[in-house]
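Worksheet for the structure shown next.
So, in structure tokens, the structure goes:
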């Protein structure tokens, strides 16, 4: 006899997420993942200056605004067949890389860790579900100390970002055509002076802490596996044409090591169980529309259901690192934390190289004229996974703007065929020792680093 | 040596503000820290927003966020950082509400269209509770209400999607609140204002409810170091005035040119980027870019501000 357990709010993630699970004999048998807030970016952008989207879409998410700035810049540039200069590409990568590093550190320590450790004896660290705490007192204190140190490190990663970006969150330096920040020697020096201690923290504190977590909670290398389908658009272009990236584009099915290509035409967003008109369901983002219907019966989420050839895919650091061949240990809660930490290290080290490639006298901006009518797609990655902006311009104004975010893939509701989304699937089989304190469920949810403001937008 | 009128205001304003801020921080915080028995309870509700203001708060320096959380406030409810989830989290908010004497902080706008179904904050007894309901009930018992970020202050970007009828907190409640707009709000504006409220030194507010110590009477442009520089003709030119590209410095009231961002690493105009006017009630005032044919520039109606007049002193009930 299954009991339904509701976690609402699901906390220590971004945005509004409700999770329902049906639990039978101490195990989850089915789950529903619900995004609970809608703002309407795709609708409010219609009729606006396409260049404004680079600034406005950053506000889809205060945790990953740079990724949206990147996708919007690339989409705008694609409408005009424009490639930003090498300097612009490198500076964009430094701004984006700084935020990836910040986001991953924030996620592990300040979002996920409190589901495994006991924090200081005061709010916001109390009250808590104090169940299944396995660390020794000394280990717990060490992790709390690292939590506090990580508050400083992630702040410094944003300071490092702002050297080029101007302000964070929501950076002023991105424009369609390039960036606005003109490089100077002291900016490079200050960035490097921030970056070296951050690299040291990632390699000597963050990564060992993830190992310690995995050793202490080893069954989480088998919990939360999901479908094993992984997808990445790729990110951090190393060449002007984007053919070589630090993390490449591709997808795998069922945890395979064979990487397959991505055909964007195979992507649709279904909406049978989403609070949108059924007429808008099943469209590729290039044709997509967003028609909210908050009263629709049987719908239970503001997220649409992105599917690739009808199949749900997981996106995120694990997907990127797997597709790139950098991490293939397994697919699970703990593998997501491991891949995220490994990726933070990979990106942080790469940024040192990129710094030395900046040409102080070369251009950072190429003039962009809005086309009369055109379409363009900007593909990149947010810390949480694959991100795309699909832009259509008519009469030099935005005629259509569809955004496909990582958490929309990961936390999607059931699709038109009733197939659960990746998180909904991953929750199946999760043990629940105490239905009043379903911490195991929260641990699975948090492993995806959900961002619901992005997911719905 | 000749000093222009603009130079004088820039220098005088900068030093006064710099002094004023440091005094505000030191005096207020010392008094607050001296009465550590019962750090002030805070309930932080998140509505139709992006969490950028919370991330910005995490970027606070002097004091840093760990000092704020352990010494200055008792953060009873905050969905992004609190340990509790589900029913346990909701009961933390409701028990604070029952005890009274807390500061209600709101981040994100409050959608009111279609029975406010565009934003639910939690489940209570099997019922989904909207942001509108949560703000209404928690506002009733709050000692002070602070709207952090432009969305919470004036509706912000969510207000541009008309069917949601997203409102700022003051407009929604019909009651004076302290507005700390910005997209996001600067951590100094948040921490400095909270410290002032907690110490009883209520900041002077302008007609839009913003503390004038941060949201300056002069717009940025009148103090901008580039005000007399050559005009930029395109992006990517270093050190030029960006007015012809769309910079909203001439109509934006904030101290970004003095305070800079992210521990003084840079600021929007400092990287030759546009000021988008993000502290203003009509943000986003489309179009953000000038020059080059652009599409529609619909006027977004500005919700008239409420007059902000008398304030009750904050009385600490010893917290919880």
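Chains as they are written, first to last, in the numbering used here: chain X, 37 to 493; chain G, 11 to 330. Ideal Cβ positions, reconstructed from N, Cα and C, are used throughout, including at glycine.
Residues of chain X with a Cβ closer than 9 Å to the Cβ of residue 263 of chain G do not exist; the shortest Cβ-Cβ separation is about 17 Å. Residues of the segment 67-87 of chain X with a C-beta atom less than 7 Å from some C-beta of chain G are 72, 73, 74, 75, 76, 79, 80, 83, 84, 85, 87, listed in chain order. Of all residues in the segment 85-101 of chain G, only 85, 86, 88, 89, 90, 91, 92, 93, 94, 95, 96, 98, 99 place a beta-carbon less than 7 Å from a beta-carbon of chain X.
DSSP, read as helix, strand or coil, puts residue 77 of chain X in helix. Excluding the 5 residues flanking it on each side, residue 456 of chain X has same chain C-beta neighbours closer than 6 Å at 450, in chain order. At a cut-off of 8 Å between C-beta atoms, residue 129 of chain G counts as an interface residue with respect to chain X.
DSSP places residue 424 of chain X within a strand segment (E or B) once states are collapsed to three. Not a single C-beta of chain X is nearer than 8 Å to the C-beta of residue 231 of chain G. By the rule that beta-carbons nearer than 8 Å mark a contact, residue 167 of chain G touches chain X.
The beta-carbon of residue 55 of chain G is placed no less than 8 Å from the nearest beta-carbon of chain X. Spatial neighbours of residue 301 of chain G in its own chain (CB-CB distance under 8 Å, excluding positions within 5 residues in sequence) are listed in chain order as 254, 255, 256. Among the residues of the segment 285-299 of chain G, those with a Cβ less than 7 Å away from any Cβ of chain X are 286, 294, 296, 297, 298, 299, in the order of the chain.
For residue 157 of chain X, the nearest beta carbon of chain G is not closer than 8 Å to its own beta carbon. Within chain G, 60, 61, 62 have C-beta atoms less than 8 Å from the C-beta of residue 97 of chain X, given in sequence order.
When C-alpha distances from residue 126 of chain X are compared across X:389, X:262, X:464, the shortest belongs to X:389. If you look at residue 140 of chain G, you'll find it in the beta strand (DSSP E) that goes 137-140.
In terms of beta-carbon proximity, residue 187 of chain X lines the interface with chain G, with at least one pair separated by less than 8 Å.
Under the Cβ criterion of 8 Å, residue 190 of chain G is not counted among the residues facing chain X. Contact annotation for residue 216 of chain X against chain G: 245, 246, 281, 282, 283 [CB-CB distance below 7 Å, chain order]. Within chain G, no residue has its CB atom less than 8 Å from the CB of residue 425 of chain X, the nearest being about 16 Å off.
Note on the segment 276-361 of chain X: whole beta strand (DSSP E) runs with a minimum of 3 residues are 281-283, 286-288, 303-306, 341-344, in chain order. DSSP, reduced to helix, strand and coil, places residue 194 of chain G outside both helices and strands of the structure shown, so it counts as coil.
The beta carbon of residue 251 of chain G does not come within 8 Å of any beta carbon belonging to chain X, so the residue lies off that interface. Residues of chain G whose Cβ lies closer than 7 Å to the Cβ of residue 162 of chain X are, in chain order, 93. According to the DSSP assignment, residue 244 of chain X belongs to the alpha helix (DSSP H) that extends over 243-252.
For residue 434 of chain X, the enclosing beta strand (DSSP E) stretches over residues 433-440. It is roughly 11 Å from the alpha-carbon of residue 185 of chain X to the alpha-carbon of residue 74 of chain G.
Residue 130 of chain G sits close to residue 138 of chain G, with the two beta carbons spaced by under 8 Å. A Cβ of chain G is located within less than 8 Å of the beta carbon of residue 44 of chain X.
Here the alpha carbon of residue 237 of chain X sits roughly 43 Å from the alpha carbon of residue 307 of chain X. Excluding the 5 residues flanking it on each side, residue 86 of chain G has same chain C-beta neighbours closer than 6 Å at 51, 53, 102, 106, in chain order.
Beta bridge pairing from DSSP links residue 155 of chain G with G:114.
Annotation: the continuous alpha helix (DSSP H) that includes residue 188 of chain X extends over 173-201. Close to chain G, meaning a Cβ-Cβ distance shorter than 8 Å, are the following residues of the segment 322-341 of chain X: 328, 330, 331. For residue 229 of chain X, the uninterrupted alpha helix (DSSP H) run begins and ends at 221-237, by DSSP.
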